[in-house]
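First up is the structure itself, then whatever we jot down about it.
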Amino acid sequence: MKNLFLITVLLFTCFFYNCKEQKKSSILQLITSGEMEELLNLEDVQLVDVRTPSEFNAGHVPDAQNINFYDENFDQKIETLDKSKPIIVYCKSGGRSAKCASKLVEKGFEKIYDLEGGFSQWKFKGLTIEY
Numbered sequence: 032m033k034n035l036f037l038i039t040v041l042l043f044t045c046f047f048y049n050c051k052e053q054k055k056s057s058i059l060q061l062i063t064s065g066e067m068e069e070l071l072n073l074e075d076v077q078l079v080d081v082r083t084p085s086e087f088n089a090g091h092v093p094d095a096q097n098i099n100f101y102d103e104n105f106d107q108k109i110e111t112l113d114k115s116k117p118i119i120v121y122c123k124s125g126g127r128s129a130k131c132a133s134k135l136v137e138k139g140f141e142k143i144y145d146l147e148g149g150f151s152q153w154k155f156k157g158l159t160i161e162y
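This is how it looks when you write it as structure tokens:
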């Protein structure tokens, strides 16, 4: 009887954990530079570069706004964005943007895209850069 109870608890735990992960994956999506280019042309999205201001000034995706991930007011600045509007985040190679994307999920943003490979990949593909 004790084993049956433990198995039941384990099954429910696995079920609810998987449901939570599916919800997160429907909110957060890793995209390629080509997919990002299409989204920028088709949808009204918020484009956020989470690199430092010096990295941003050395080149960035056109129409991106810079919100430095390392800024002490980062969380407050992110809160000024529209949670109901899709958002694309990117950094140099994907590390900071992944952390930012997780924060956005926690803060209740509805649709988040994270650029796979970051600005380095965008630049490598020869896509448009603004200075």
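Under this note's numbering, the first residue of the sequence shown is numbered 32, with each subsequent residue one higher.
Cβ coordinates follow ideal geometry from the N, Cα and C atoms, glycine included.
Rounded to the nearest whole angstrom, the CA to CA distance from threonine 159 to lysine 138 is 31 angstroms. Comparing alpha carbon positions, the residue from Val76, Asn88, Ser57 closest to lysine 116 is Val76. Collapsing the DSSP output to three states places aspartate 106 in a helix.
Looking at Cys131, Ile109, Asp106, the one whose alpha-carbon comes closest to that of tyrosine 121 is Cys131. Burial is judged here by how many other beta carbons sit within 10 angstroms of a residue's own beta carbon; serine 64 has at least 16 and is buried. Between phenylalanine 100 and leucine 135, the alpha-carbon positions lie close to 12 angstroms from each other. About 7 angstroms separates the CB atoms of isoleucine 62 and aspartate 145; that is less than 8 angstroms, so the two are in contact.
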